[in-house]
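Residue numbers (my numbering): 8 to 433. Beta carbons: idealized from backbone N, C-alpha and C, even for Gly. Here the structure is a predicted model, which is why all the values come from computation and not from measurement.
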Amino acid sequence: MKGSEQLFKKAQRYIPGGVNSPVRAFRAVGGTPLFIQRAQGARIWDVDDNEYIDYVASWGPMILGHAHPQVVQALQRAVERGTSYGAPTALEVELAALIVEAIPSVESVRMVNSGTEAVMSAIRLARGWTKRDKVIKFEGCYHGHSDGLLVKAGSGATTFGQPDSPGVPADYARNTLLAPFNDLDAVTGLVKDNPGQIACIVVEPVAGNMGVITPQEGFLEGLRKVCDQEGICLIFDEVITGFRVGWSGAQGLYGVTPDLTCLGKIIGGGLPVGAFGGRREIMENLAPAGGVYQAGTLAGNPLAMTAGIETLKLLKEAGVYEHLEEKAAYLCTEAEKVAHSSKTSTYCTRVGSMFCTFFTPGPVVDYDSAKQSDIDAFRRYFWALLKGGIYVAPSQFEAGFLSLAHTDEDIEKTLAALHGAFQAAS
Ligand SMILES: *Cc1c(COP(=O)(O)O)cnc(C)c1O
Numbered sequence: 008m009k010g011s012e013q014l015f016k017k018a019q020r021y022i023p024g025g026v027n028s029p030v031r032a033f034r035a036v037g038g039t040p041l042f043i044q045r046a047q048g049a050r051i052w053d054v055d056d057n058e059y060i061d062y063v064a065s066w067g068p069m070i071l072g073h074a075h076p077q078v079v080q081a082l083q084r085a086v087e088r089g090t091s092y093g094a095p096t097a098l099e100v101e102l103a104a105l106i107v108e109a110i111p112s113v114e115s116v117r118m119v120n121s122g123t124e125a126v127m128s129a130i131r132l133a134r135g136w137t138k139r140d141k142v143i144k145f146e147g148c149y150h151g152h153s154d155g156l157l158v159k160a161g162s163g164a165t166t167f168g169q170p171d172s173p174g175v176p177a178d179y180a181r182n183t184l185l186a187p188f189n190d191l192d193a194v195t196g197l198v199k200d201n202p203g204q205i206a207c208i209v210v211e212p213v214a215g216n217m218g219v220i221t222p223q224e225g226f227l228e229g230l231r232k233v234c235d236q237e238g239i240c241l242i243f244d245e246v247i248t249g250f251r252v253g254w255s256g257a258q259g260l261y262g263v264t265p266d267l268t269c270l271g272k273i274i275g276g277g278l279p280v281g282a283f284g285g286r287r288e289i290m291e292n293l294a295p296a297g298g299v300y301q302a303g304t305l306a307g308n309p310l311a312m313t314a315g316i317e318t319l320k321l322l323k324e325a326g327v328y329e330h331l332e333e334k335a336a337y338l339c340t341e342a343e344k345v346a347h348s349s350k351t352s353t354y355c356t357r358v359g360s361m362f363c364t365f366f367t368p369g370p371v372v373d374y375d376s377a378k379q380s381d382i383d384a385f386r387r388y389f390w391a392l393l394k395g396g397i398y399v400a401p402s403q404f405e406a407g408f409l410s411l412a413h414t415d416e417d418i419e420k421t422l423a424a425l426h427g428a429f430q431a432a433s
C-alpha cells in the first residue's frame, strides 16, 4: 500500500479529493484507494505490484478483460494514423452499423464522449420531439451528472448520502419527477398529475447504480404502455446493460422496445465514449438534420471507435453471452451458498454478468430497500476480499462485473476468498 498511499497524498494536493470520479476515493469503505499501474485479462496490479482479480472492470466497459490483444493491436495501428480529425470517418459508420444491427430499436445513432452526454442529449431530443419539458426518472437510477438528472441519482450520490448536489439550480431539478423503481402505480400517478407535460420516462432497465436491481415482471412493459397511451418518449439508459446483459441489451432480454436508447461503457472498449439512438423519425430531429442542437469536438473519435468496433466484433461471435451467463451463474450461485453458510444476511441479485450482494435479507426491489444494507458489514467484506486478492467496487451500491477473461481458476480463487470475507462481514 506504500506506493498508493504516497500517490494519494500527492493527488490530494493537485486533484479535488485526490480522484477524478468520487467513488474511486474509497470513502464508503475508508482507507486509501489503490493506484493502478497496469491490467491484463481479469487481473490488475497496483503501483505496489499487488495482483488482484478484478470485478470492477473499469465500472463495466472491460467485458473482454483488460488489454485484449485484438483491441490493443487495432489501437496501435489506429494511433499511427492520427488521433482525431474532427471530420467524418469510416470507423464511425462501422460502429454505428454494428449498433444498429445489434439493437433493432436503434435505426440511427449519434456518438458522444460519455454516458452523461448520451442521456443529457437524448433527453433534449425527447423534449424537442414532444415539445414538453418534464422528465420522469427513478430513485436510485443514475444517468450521469448533468444538472436535471442529479436527483436521487444512486451510485456515488447514494454512497455519500447526498442525492441532490449543491450547484444544481432548483429550477432545473423542478422538471424532474421521481418515482420508486419497480413502482408502476407511482408512474401512472405522476402522468395523471401532469397531463400532456411529460416528455420522457428515463430508466435503467436493470438498475445498476444502487447495486443491481432487476425489473419486476410487468414493470418495463407497463412503462411502454403508459408511454404509448400518453405520447411520452421511453428512454432506456443502457449505458451499463448495453452489450453487457446480451447482444441486444436489456431490451432484447426483456422484449420491451424503447423509443431511444443510451449507450456507453462497453461500446468504447475502455476508451471514453457514449451514444444515443432510436427510431429514425425521432433521431432526424437532431442537428444538422433537425433543430435540436448537439455537437462534440472529439465525438466519434477514431481511437474510441476502433476499440468499440473490435470489442463488438468479439462479442458478436457465437456463444459469447451463453458462456458469460454460465460462468456468472456458477460464480453467483456458489457465492450465495458461501454467504448462507456464514451468519451474514445477504440478498444476491444478478442479470447475466452483472451482479450484487446486498448486506440485507432483502428483498431489494428499489432504492429504499437497497439502502437497508449494512454498510459496515460491506466495508469488512470489501477489505477482507482485497486482502485475499479480489478487487470489487468500493461501495455497496455498485455492480460487480464478470468478463470473458475470468478463468475457472479465477472463479475458484474468488470463492475461496469469499469464505473469509463473509465471515469477516458477520
Ligand atoms: C456510467 C453510467 C452513466 C454515465 O456514463 P459516464 O460515461 O460515466 O458519463 C450513465 N448511465 C448509466 C446507467 C451509467 O451506469
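{"Asked": "Option nearest Q204 by Cα separation, candidates S28, H75, R134", "Found": "R134"}
{"Asked": "Limits of the unbroken alpha helix (DSSP H) element including I205", "Found": "Here I205 belongs to no alpha helix (DSSP H); instead the beta strand (DSSP E) covers 205 to 210."}
{"Asked": "Touch test, the segment 275 to 285 against the segment 112 to 131, Cβ-Cβ under 8 Å, three pairs minimum", "Found": "yes"}
{"Asked": "Where A311 sits in the DSSP three-state scheme", "Found": "helix"}
{"Asked": "Local conformation of L270 per DSSP, three classes", "Found": "strand"}
{"Asked": "Residue nearest to V233 in terms of C-alpha spacing, selected from E114, M217, Y398, P202", "Found": "P202"}
{"Asked": "Beta strand (DSSP E) runs contained entirely in the segment 42 to 86, provided each spans 3 or more residues", "Found": "43 to 47, 50 to 53, 58 to 61"}
{"Asked": "Sufficient close CB pairs (3 or more, under 8 Å) joining the segment 250 to 268 to the segment 318 to 334", "Found": "yes"}
{"Asked": "L392 versus F385 - alpha carbon distance", "Found": "10 Å"}
{"Asked": "P95 versus I130 - alpha carbon distance", "Found": "25 Å"}
{"Asked": "Distance cut-off 8 Å: N292 Cβ against heavy atoms of ligand 1", "Found": "no"}
{"Asked": "Exposed unless 16 or more other CB atoms sit within 10 angstroms - verdict on G298", "Found": "exposed"}
{"Asked": "Cα-Cα separation, T421 to E343", "Found": "13 Å"}
{"Asked": "Pocket of ligand 1 defined by Cβ to heavy atom distance under 5 Å", "Found": "S121, G122, T123, H150, G151, E211, D244, V246, I247, G271"}
{"Asked": "Residue from I247, K199, A206, A214 whose Cα sits closest to the Cα of T137", "Found": "A206"}
{"Asked": "Where the beta strand (DSSP E) containing I143 begins and where it ends", "Found": "141 to 145"}
{"Asked": "Through-space distance from A311 to M118, alpha-carbon basis", "Found": "10 Å"}
{"Asked": "I60 versus D417: straight-line alpha-carbon distance, rounded", "Found": "7 Å"}
{"Asked": "As assigned by DSSP and simplified to three states, the class of P170", "Found": "Any reading at P170 must be qualified, since the residue scores a pLDDT of 48, below 50, and its modelled position is unreliable; the value itself is stated next. P170 falls in the coil class under three-state DSSP."}
{"Asked": "Sub-9 Å separation of F250 and P265 beta-carbons", "Found": "no"}
{"Asked": "Closest residue to E288 among T318, S115, Y149, R357 (Cα-Cα distance)", "Found": "S115"}
{"Asked": "Expected contact under 8 Å - CB spacing of L293 and L132 to nearest Å", "Found": "6 Å"}
{"Asked": "Delimiting residues of the beta strand (DSSP E) encompassing C363", "Found": "361 to 365"}
{"Asked": "Candidates F389, R181, V210, C363, of which the one nearest A377 by Cα", "Found": "C363"}
{"Asked": "Strand pairing of M118, partner residues [DSSP]", "Found": "A282"}
{"Asked": "8 Å contact criterion, which L197 and A214 should meet: CB distance rounded", "Found": "The pair is not a contact, with the Cβ atoms about 18 Å apart (cut-off 8 Å)."}
{"Asked": "Classification of P111 by the beta-carbon crowding that lies within 10 angstroms, buried from 16 upward", "Found": "exposed"}
{"Asked": "Status (buried if at least 16 other CB within 10 Å, exposed otherwise) for Q169", "Found": "Residue confidence for Q169 is low, a pLDDT of 45 falling below 50, so the modelled location carries little weight and cannot support an answer."}
{"Asked": "Inter-stretch contact (C-beta, 8 Å, three-pair minimum) for the segment 328 to 345 and the segment 220 to 230", "Found": "no"}
{"Asked": "Cβ-Cβ distance between D154 and P176 below 9 Å", "Found": "yes"}
{"Asked": "Residue of R45, G359, R387, G395 minimising C-alpha distance to I220", "Found": "G359"}
{"Asked": "Distance, W66 Cα to T318 Cα", "Found": "16 Å"}
{"Asked": "Beta-carbon separation (whole angstroms), G395 vs G427, contact threshold 8 Å", "Found": "6 Å"}
{"Asked": "Own chain, CB closer than 6 Å to H413, minus 5 neighbours either side, in chain order", "Found": "A49"}
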